[in-house]
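In the working numbering, the protein residues as written are 20 to 432.
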Amino acid sequence: MLLLIATAGIPVLAQPTLGQPALGGELSLLLATARSQHPDIAIAALERDMAAARASAADSLADPTFRVEFNDNTRSSGLLPDQLGYRKYMLEQSFPLGGKRDLRRGIADADTADAQARQDQVANELASRIKALQAQRYLAQAGLRVLNEQRGLLDRTVEAADRGYAQGRIGQEGALNSRLARNRLETEIARMQGDIRQLDARLNGLLGRNTSAMLQPPFGLAPMPRPERLQFDSLVAEALDRNPQFRQLAARGNGADARRRLADADWMPDVSLGVGTIEQDFGVRAYEAYVTLNIPLRGGLRDAKKNEAIAEQSAVRVRRQAIELELASSLREMLAGLEAQQRIESLSTGSILSQARAALTAQLRAYEQGSGGFADLVQAQSRLREVELDGIRAQAEQRRLLAEIERLVGGDL
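Structure, rendered in structure tokens:
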């Protein structure tokens with residue numbers, strides 16, 4: 020019974036069937052399914068592959084140029100020449116100087132790191148939502164069990180009221196009140212069942228499945244980390260290292276720095292080397308080689324690119340500071356809420372639970388014997404239900420807060 024389980028810690032609501040694991044009961048299986056099926060993660064992975072493909076050729080040389088010239092041609096009339104003079108066949112290849120190829124590869128690598136961090140952030144956000152939703156499903160299923168146990172007690176109450184009315188020990192109003200109380204409880208059960216179906220549909224959506232697909236009830240709640248893993252300073256340090264948002268900002272900062280240095284390097288001319296042959300009368304008359312340089316005169320364009328990169332670097336620094344402040348504030352808030360919920364769980368699963376059970380047992384026995392009032396019995400039932408639900412809500416809320424902390428940190432604790 021849930022009354023006995025509540026004092027033992029986290030209750031087990033369901034067990035997996037034999038054979039393949041049932042989806043919905045085990046959190047780790049839900050997370051693995053979401054990573055493999057959710058379209059947002061697939062899109063982010065494809066964007067990462069696109070960036071990696073661009074980076075693989077970012078430092079490649081441009082295609083060579085082949086040129087043919089016809090010189091000293093004679094023409095007496097018409098558009099076409101009467102006789103061809105000599106012909107030049109030339110092949111030219113340009114070579115960027117000043118480390119431009121390495122800088123372009125650095126920009127592409129930074130874009131790839133940015134895309135990887137975005138993919139990790141999508142997965143991190145999705146995992147947090149699934150963890151919180153699984154805690155809500157646990158709360159709803161456990162709450163439904165409490166209500167069903169209360170319904171069993173009310174069935175006994177209705178039977179006792181009917182016997183008392185038949186024996187003339189209680190009036191018609193007492194018998195009617197017991198049935199009304201059971202009807203109110205049935206309404207709560209129906210509402211809870213509807214909430215469970217809504218939560219299952221929402222979870223199926225996060226898993227990339229049909230929203231009407233069947234899900235097993237949660238087997239239980241994930242264990243909480245050790246207290247030393249939930250220290251503010253260590254969590255902040257871990258978040259700065261693991262949170263994908265900071266890795267994304269670092270990648271963007273590296274890309275902006277490479278673009279700034281590339282804008283400076285663009286003042287260095289690029290060199291083109293060419294070789295060719297001179298042919299006349301179907302024979303090679305001579306060979307030639309040449310070097311060309313581009314002249315970097317458009318300073319305004321290069322200055323604009325450099326200023327854009329500098330502004331992006333500044334924006335990254337400011338954005339990082341803002342995220343750090345928000346992170347610290349959110350972690351403080353989550354840790355304070357976690358401490359409060361742990362205190363509530365301790366209060367709800369301690370002596371007060373035993374006292375509420377004893378009071379209900381005494382009131383039910385007195386009512387069945389005709390020496391207790393119906394109002395006192397209903398009040399005892401409500402007190403026990405609230406104590407039990409307070410403990411379950413506290414356990415589920417701790418996991419929701421933990422999911423938010425892990426989202427801020429960037430992974431499981």
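We treat Cβ as the ideally placed atom computed from N, Cα and C, and that holds for glycine.
Could you compute how far the alpha carbon of residue i sits from the alpha carbon of residue j?
i, j, result
"Pro242", "Ser79", "51 angstroms"
"Ile29", "Val406", "Any reading at Ile29 must be qualified, since the residue scores a pLDDT of 38, below 50, and its modelled position is unreliable; the value itself is stated next. Their Cα atoms are separated by approximately 15 angstroms."
"Asn326", "Gly117", "20 angstroms"
"Asp139", "Thr52", "16 angstroms"
"Ala61", "Gln267", "18 angstroms"
"Ala308", "Gly302", "18 angstroms"
"Asp68", "Ser75", "11 angstroms"
"Glu352", "Arg261", "20 angstroms"
"Ala328", "Gln360", "47 angstroms"
"Arg304", "Phe114", "29 angstroms"
"Ala330", "Lys324", "10 angstroms"
"Ala355", "Leu281", "48 angstroms"
Which stretch, first to last residue, makes up the alpha helix (DSSP H) that contains residue i?
i, result
"Ile314", "Run containing Ile314: none; DSSP gives neither H nor E here."
"Leu48", "46 to 56"
Identify which residue in the options has its Cα closest to the Cα of residue i.
i, options, result
"Leu225", "Asn167, Leu152, Pro263", "Leu152"
"Gly295", "Pro83, Met109, Ala232, Leu50", "Met109"
"Asp300", "Phe89, Asp59, Ser367, Ala220", "Phe89"
"Glu425", "Ala328, Lys119, Leu357, Gly213", "Leu357"
"Gly313", "Arg336, Ala275, Trp286", "For the sequence presented, residue 313 should be read as Asn rather than Gly. If we check each option's Cα against that of Asn313, Trp286 comes out closest."
"Glu345", "Val255, Ala63, Val87, Asp219", "Val255"
"Tyr157", "Gln212, Arg54, Leu145, Arg304", "Gln212"
"Glu416", "Ser231, Ala129, Lys150", "Lys150"
"Asp219", "Asn143, Leu49, Arg280, Arg402", "Leu49"
"Ala399", "Ser291, Ile411, Ala200, Ala355", "Ala200"
"Pro58", "Pro83, Val141, Glu168", "Val141"
"Glu207", "Leu42, Ala159, Leu292, Asp283", "Ala159"
"Val5", "Ser291, Ala323, Gly318", "Shown here, the chain extends from 20 to 432; a query on residue 5 therefore has no answer."
"Gly171", "Arg418, Arg404, Glu423", "Arg404"
"Thr230", "Pro236, Arg221, Arg384, Ala161", "Arg221"
"Pro236", "Gln250, Ile215, Glu111, Ser253", "Ile215"
"Asp82", "Glu205, Gln112, Pro315, Arg317", "Gln112"
Does the distance from the CB of residue i to the CB of residue j come in under 8 angstroms?
i, j, result
"Glu247", "Val428", "no"
"Ile363", "Asp409", "yes"
"Ala77", "Arg124", "yes"
"Asn223", "Leu234", "yes"
"Ala129", "Ala284", "no"
"Ala154", "Arg73", "no"
Starting from residue i and walking both ways along the beta strand (DSSP E), at which residues does that stretch end?
i, result
"Thr368", "Counting along the chain, Thr368 falls outside any beta strand (DSSP E), and DSSP gives it neither H nor E."
"Leu432", "Per DSSP, Leu432 belongs to no beta strand (DSSP E) and is neither H nor E."
"Phe301", "From DSSP, Phe301 is part of no beta strand (DSSP E); its letter is neither H nor E."
Self-check item: Those runs of the alpha helix (DSSP H) which lie wholly inside the region 214 to 295 and span at least 4 residues
Solution: Those alpha helix (DSSP H) runs which fall completely within the region 214 to 295 and span 4+ residues are 251 to 261, 263 to 284.
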